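Here the working numbering = 1-based position in the sequence shown + 570. Where a beta carbon is used, it is the ideal one built from N, C-alpha and C, also for glycine. Note that this is a predicted model, so its numbers are computed, not measured.
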Amino acid sequence: MKILITADWHLGKRLHMEDFGQDMAFFLDWLLKYIEENQIDQLLVAGDIFDQNNPSNEATKQYYDFLVQLHGKGCKAIITSGNHDSPSFLETPSSLLHSLGTTVVSRFPGMEHLEKILVPVANRSGNIKAIVAAIPFLQDRFVRQVGEAEGIKEIDTKIREGMRRVFKGIGDEMKKRFPDQLHIGMAHLHAQGTKASEAEREIQIGNELGIPSDALDQFDYLGLGHIHTGQPVIQGKIHYASSPISLGFSENVYKHKIIQLEIEGNSFKQTFIPIPKFRSLYQVKGSMQEVEEKLALLKCKYDLTALVDLSIDEPIFDPKLMPRIETLKNEMAERNLKIVTQRVVFRDKSSSRKLGTLAHEKVKDLQPTAVFEKIIEGREESEEKTALKDLFNTILADATQQQP
571 MKILITADWH LGKRLHMEDF GQDMAFFLDW LLKYIEENQI DQLLVAGDIF
621 DQNNPSNEAT KQYYDFLVQL HGKGCKAIIT SGNHDSPSFL ETPSSLLHSL
671 GTTVVSRFPG MEHLEKILVP VANRSGNIKA IVAAIPFLQD RFVRQVGEAE
721 GIKEIDTKIR EGMRRVFKGI GDEMKKRFPD QLHIGMAHLH AQGTKASEAE
771 REIQIGNELG IPSDALDQFD YLGLGHIHTG QPVIQGKIHY ASSPISLGFS
821 ENVYKHKIIQ LEIEGNSFKQ TFIPIPKFRS LYQVKGSMQE VEEKLALLKC
871 KYDLTALVDL SIDEPIFDPK LMPRIETLKN EMAERNLKIV TQRVVFRDKS
921 SSRKLGTLAH EKVKDLQPTA VFEKIIEGRE ESEEKTALKD LFNTILADAT
971 QQQP
């Protein structure tokens, strides 16, 4: 039997207004092809299916279309919620998805109903080969009781003790109900000793101190979500699956992957399957001259436009710098590169303060509409730009009690 473990899809993700829908479409197409070619029996997705708890229609369609195609490949799926997901949104179509071979566990049922998260999984011949503990993101009420005037240390201690209690309870229940089967867990949390990237939102359960690895060590294998750059917690036994694409600039150098478990009897083999890269995310830092030299060497290696995070550090204020950046943007667009965020720092504050004083004296002469037009003049003409103008005019009319 072959099982794939993945997590942190973040469907609907945008980075500085850049939509990653096409990135995910490429990944999902690749995943379906891999599943078909390698006759994968079961897919586990350990949380953060969506980037927002109220996902867009496009992200929702992408999710359902994938599950329909997955069913057509003869592969079943188990999906759990992450801290970004809405449990109610995920569970609403669960009965319909069950007919497609997809099991959704979006809410933890409590310690008295652990049987609800224990899912037998079978190979394509129908023979049960393992039991999966499908553990969704654990809300606070399941791991600790809130006390008055608690400090951070008391809260951390309660969280660790609560998580240890929950995971031990699940492990004990699996051993009791299925003593002769292979036990696989899937969960979404922050384990102790792992390092989060810029794209990972802080979560309430398992904060930066993390959950101790021995508390999680209750299964033959545990696949985790939440940390995008897949890392081992216990080598060969507890591992993060990683996100399928780079969701932030700090993740660009990481080689994303999925976990494959091949089960024979009561033993398994762990393999990491690299995911093809579809887009580059570059961070470029330095003086203006250094930045221009580095940008000249950048290349778009893939079909999707490479995104650039620009950080410029100059000793003194230069009024010509911003026009130079705008020129750079136009030149880079011809090479399928796009600056999506920029920061400019002038270390000598005296000139910028002087400029600020002059600007302050002239503020009263500025017209709101002219200022707004200046702010958005760099945007390409689009429905979004038109909508922004309409919204601004409406707000301005309300503020000045005039009709737009």
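I believe residue i touches residue j by the beta-carbon criterion, under 8 Å. Please report the beta-carbon distance rounded to the nearest angstrom.
i      : j      : result
Leu660 : Ile619 : 7 Å
His654 : Gln609 : The pair is not a contact, with the Cβ atoms about 31 Å apart (cut-off 8 Å).
Ala811 : Ser783 : About 16 Å; that fails the 8 Å criterion.
Ala704 : Val675 : 4 Å
Leu880 : Ile909 : 5 Å
Asp593 : Arg905 : Going by Cβ atoms, the distance from Asp593 to Arg905 rounds to 19 Å, so no, they are not a contact pair.
His826 : Ile815 : 6 Å
Ile828 : Trp600 : Going by Cβ atoms, the distance from Ile828 to Trp600 rounds to 10 Å, so no, they are not a contact pair.
Leu958 : Glu588 : 17 Å between Cβ atoms; not a contact.
Gln788 : Gly755 : 7 Å
Leu898 : Glu862 : 7 Å
Lys646 : Gly671 : 4 Å
Give me whichever residues DSSP pairs with residue i in a beta bridge.
i      : result
Val977 : Examination of residue 977 is not possible in this model, given that the chain is present from 571 through 974 alone.
Val675 : Thr650
Lys572 : Glu832
Ile705 : DSSP lists no partner for Ile705.
Glu588 : Leu585
Val914 : Ile882
Leu907 : Ala876
His753 : Ile701
Ile781 : Ala761
Leu794 : Ala757, Tyr810
Phe620 : Leu581
Quick one: using the 10 Å Cβ neighbour count with 16 as the cut-off for buried, is residue i buried or exposed?
i      : result
Thr650 : buried
Gly617 : buried
Ala859 : Checking the displayed sequence, the identity of residue 859 turns out to be Gln instead of Ala. Gln859 comes out exposed.
His668 : exposed
Ile843 : exposed
His586 : exposed
Val615 : buried
Gly680 : exposed
Pro974 : Bear in mind that the predicted position of Pro974 carries a pLDDT of just 37, short of 50, making it unreliable; the figure below should be weighed with that in mind. Classification of Pro974: exposed, given that the 10 Å Cβ count is below 16.
Arg747 : exposed
Pro635 : For the record, residue 635 in the displayed sequence is Asp; it is not Pro. It counts as exposed.
Leu925 : Reliability fails at Leu925, whose pLDDT of 49 lies under 50, so the model's placement of it is uncertain and the value that follows must be treated cautiously. That one is exposed.
Glu628 : exposed
Glu943 : exposed
Met892 : exposed
Thr841 : exposed
Glu778 : Because Glu778 sits at a pLDDT of 43, beneath the cut-off of 50, its placement in the model cannot be relied upon, and the following sentence gives the value as read from the coordinates. Exposed, by the Cβ-count rule.
Ala577 : buried
Leu794 : buried
Gly835 : exposed
Asp873 : exposed
Leu752 : buried
Gly642 : exposed
Lys839 : exposed
Lys706 : Rather than Lys, the amino acid found at residue 706 in this sequence is Pro. By the neighbour-count rule (16 or more Cβ atoms within 10 Å), Pro706 is buried.
Gly806 : exposed
Ser695 : exposed
Glu685 : exposed
Hey, quick one: how far does the alpha helix (DSSP H) through residue i stretch, first residue to last?
i      : result
Thr875 : That residue, Thr875, is in no alpha helix (DSSP H); it is neither H nor E in DSSP.
Pro690 : Counting along the chain, Pro690 falls outside any alpha helix (DSSP H), though it belongs to the beta strand (DSSP E) covering 688-692.
His580 : It is not in any alpha helix (DSSP H) - His580 carries neither H nor E in the DSSP assignment.
Ile605 : 591-607
Gly642 : 627-642
Phe659 : 657-661
Leu666 : 664-668
For residue i, report the span of its beta strand (DSSP E) as first-last.
i      : result
Phe789 : Careful: Phe789 lies outside any beta strand (DSSP E) and carries neither H nor E.
Leu614 : 612-616
Leu759 : Run containing Leu759: none; DSSP gives neither H nor E here.
Ile808 : 808-810
Is residue i near the ligand MN, with its Cβ less than 7 Å from a heavy atom?
i      : result
Thr897 : The ligand MN is absent from the structure shown, which contains no ligands of any kind.
Looking at chain B, is there any beta carbon in it that lies within less than 8 Å of the beta carbon of residue i?
i      : result
Lys646 : Any reference to chain B falls outside this structure, which holds one protein chain only.
In chain order, what are the residue ranges of uninterrupted beta strand (DSSP E) at least 3 long that sit wholly in the region 812-899? Complete beta strand (DSSP E) runs here, min 3: 827-834, 837-844, 851-856, 876-884.
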